[in-house]
Amino acid sequence: MRHDDGRKLDHKTLEAIRVRAVQRVMDGESPEVVIKALGMSRARIYEWLAAYREGGFDALKAKQISGRPKKLSGAQIRELYTWITTFTPDQLKFDFALWTRGRVRELIRQKFNVRLSDVSVGRLLRNLGLTPQKPLHRAYQQKPEAVKQWKEETYPEIRKEAKKVGATIYFGDEASIRSDYHSGTTWAPKGDTPVIRNTGSRFSINLISAISPRGELRFKTIQGTMNTDAFLGFLKALVQDADKPVFLILDNHPVHHARRAREYVESLDGKLKLFFLPPYSPELDPDESVWGYIKYHHVGKKIINSKEQLRSIVYRQLRRLQKLPRLLKSFFGHPDLAYISG
Numbered sequence: 004m005r006h007d008d009g010r011k012l013d014h015k016t017l018e019a020i021r022v023r024a025v026q027r028v029m030d031g032e033s034p035e036v037v038i039k040a041l042g043m044s045r046a047r048i049y050e051w052l053a054a055y056r057e058g059g060f061d062a063l064k065a066k067q068i069s070g071r072p073k074k075l076s077g078a079q080i081r082e083l084y085t086w087i088t089t090f091t092p093d094q095l096k097f098d099f100a101l102w103t104r105g106r107v108r109e110l111i112r113q114k115f116n117v118r119l120s121d122v123s124v125g126r127l128l129r130n131l132g133l134t135p136q137k138p139l140h141r142a143y144q145q146k147p148e149a150v151k152q153w154k155e156e157t158y159p160e161i162r163k164e165a166k167k168v169g170a171t172i173y174f175g176d177e178a179s180i181r182s183d184y185h186s187g188t189t190w191a192p193k194g195d196t197p198v199i200r201n202t203g204s205r206f207s208i209n210l211i212s213a214i215s216p217r218g219e220l221r222f223k224t225i226q227g228t229m230n231t232d233a234f235l236g237f238l239k240a241l242v243q244d245a246d247k248p249v250f251l252i253l254d255n256h257p258v259h260h261a262r263r264a265r266e267y268v269e270s271l272d273g274k275l276k277l278f279f280l281p282p283y284s285p286e287l288d289p290d291e292s293v294w295g296y297i298k299y300h301h302v303g304k305k306i307i308n309s310k311e312q313l314r315s316i317v318y319r320q321l322r323r324l325q326k327l328p329r330l331l332k333s334f335f336g337h338p339d340l341a342y343i344s345g
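Now the structure itself:
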């Protein structure tokens with residue numbers, strides 16, 4: 004499919020598109036879903052988001068293009084973007100693990116025989132919508148071959164079986180949400196770090212939820228710690244609400260493999276089946292995004308003074324999410340989850 008980069012649009016039209024796209028992402032939609040709906044190249048949305056983070060909506064306003072000549076062709080820039088976003092340096096036979104400006108400069112020199120300064124490389128990366136970020140750390144115990152098999156063999160078989168029997172596939176996960184989690188930044192005078200005042204006490208609640216690719220969400224709050232009784236209670240509620248078989252995909256928490264859980268599933272005669280992700284592979288579970296969304300967009304931006312207040316906020320936002328299937332579907336838009344849609 005051919006994507007547009009917006010160059011054929013007039014400045015004012017493109018400005019309106021940029022502002023609307025960023026606003027949709029700020030409202031909780033996936034960047035991948037937003038840019039796909041606009042029919043533009045993937046790099047554009049991240050370029051706009053980077054500009055917004057640096058200068059707010061003013062940074063998205065139309066500007067005259069300087070026309071300054073580039074040392075890399077459009078094809079070379081696209082290839083460079085693919086390398087940086089798809090591979091780690093060691094996968095391209097470099098003896099380092101992270102992409103820095105100096106290392107990208109070396110990549111450009113080796114691949115294209117073009118020499119750029121660090122400043123030029125930094126400008127190029129920003130124009131591509133890339134920003135310096137703290138990397139996520141994958142557990143060294145994760146087995147890449149098991150992840151590959153899950154994506155290419157195991158899950159396609161689960162999806163095929165679900166289609167055959169008319170089952171709904173859910174991905175489940177547990178979470179503990181704490182009152183002292185804070186996200187985002189706040190404006191303050193330079194050198195005068197702001198202090199967030201709270202009660203000095205910490206509260207937490209435990210929950211379990213399941214999300215389907217169709218944008219359905221089920222959840223249950225847990226009194227105390229996650230144990231077999233709590234897990235069974237969630238399974239029973241999930242089955243009771245379902246009008247068709249349920250295929251539930253989970254991580255390898257010991258509770259999920261408990262004997263009583265297995266016996267309960269077996270007693271249902273196929274109405275419920277459990278499947279398990281490869282060990283140490285949370286990035287394969289879209290339900291992780293539910294908790295990330297609640298923590299970052301809601302709990303992390305409030306001062307919470309009691310456990311009841313925390314429970315009320317989380318419960319209210321989960322109920323709200325249940326009414327937003329489009330947003331829930333967007334959680335499946337991450338590249339690590341592309342295997343789910345096939």
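Following the working numbering, the numbering of the sequence shown begins with 4 at its first residue and continues without gaps. Don't be surprised by glycine CBs; every beta carbon is placed ideally from N, CA and C.
Is the CB-CB distance between residue i and residue j below 8 Å?
| i | j | result |
| --- | --- | --- |
| residue 241 | residue 331 | no |
| residue 245 | residue 171 | yes |
| residue 340 | residue 289 | yes |
| residue 119 | residue 111 | yes |
| residue 328 | residue 218 | yes |
| residue 174 | residue 252 | yes |
| residue 209 | residue 229 | yes |
| residue 24 | residue 36 | no |
| residue 22 | residue 180 | no |
| residue 53 | residue 134 | yes |
| residue 33 | residue 336 | yes |
| residue 293 | residue 275 | no |
In angstroms, rounded to a whole number, what distance separates the CA positions of residue i and residue j?
| i | j | result |
| --- | --- | --- |
| residue 146 | residue 279 | 14 Å |
| residue 149 | residue 60 | 44 Å |
| residue 178 | residue 74 | 49 Å |
| residue 47 | residue 215 | 29 Å |
| residue 187 | residue 169 | In this prediction, residue 187 scores a pLDDT of 42, lower than 50, which makes its location untrustworthy; the coordinate-derived value is nonetheless stated afterwards. About 42 Å. |
| residue 268 | residue 166 | 20 Å |
| residue 131 | residue 163 | 38 Å |
| residue 51 | residue 343 | 28 Å |
| residue 314 | residue 296 | 16 Å |
| residue 40 | residue 232 | 43 Å |
| residue 17 | residue 277 | 47 Å |
| residue 247 | residue 88 | 40 Å |
| residue 115 | residue 79 | 8 Å |
| residue 259 | residue 237 | 11 Å |
| residue 345 | residue 309 | 44 Å |
| residue 117 | residue 49 | 25 Å |
| residue 20 | residue 326 | 26 Å |
| residue 123 | residue 91 | 21 Å |
| residue 76 | residue 42 | 23 Å |
| residue 270 | residue 159 | 26 Å |
| residue 225 | residue 86 | 44 Å |
| residue 151 | residue 234 | 28 Å |
| residue 26 | residue 55 | 10 Å |
| residue 266 | residue 298 | 34 Å |
| residue 127 | residue 287 | 31 Å |
| residue 283 | residue 257 | 13 Å |
Just confirm the distance between the C-beta atoms of residue i and residue j, as a whole number of angstroms; I'd bet it's less than 8 Å.
| i | j | result |
| --- | --- | --- |
| residue 222 | residue 321 | 5 Å |
| residue 285 | residue 153 | Not confirmed; about 13 Å, so no contact. |
| residue 207 | residue 176 | At roughly 16 Å, the Cβ-Cβ gap does not stay under 8 Å, so residue 207 and residue 176 are not in contact. |
| residue 104 | residue 125 | 5 Å |
| residue 121 | residue 108 | 6 Å |
Segments of 4+ residues assigned as alpha helix (DSSP H) that fall wholly inside the stretch 307-344:
Every alpha helix (DSSP H) stretch that sits fully inside the stretch 307-344 and reaches 4 residues is listed by chain position as 310-325, 328-333 and 341-344.
Scan the stretch 260-301 and note each continuous beta strand (DSSP E) run of 3 residues or more that stays entirely inside, going in chain order.
The stretch 260-301 is shown to contain whole beta strand (DSSP E) runs of 3 or more residues at 275-279, in chain order.
In the stretch 19-93, which residue ranges form an unbroken alpha helix (DSSP H) of at least 4 residues, counting only runs that do not cross its ends?
Considered as a whole, the stretch 19-93 harbours 34-41, 45-58 and 77-89 as its complete alpha helix (DSSP H) runs of no fewer than 4 residues, in chain order.
Contained alpha helix (DSSP H) runs [length at least 4] in the stretch 97-174, N- to C-terminal order:
As far as the stretch 97-174 is concerned, its whole alpha helix (DSSP H) runs of at least 4 residues are 104-115, 121-130, 147-152 and 158-168.
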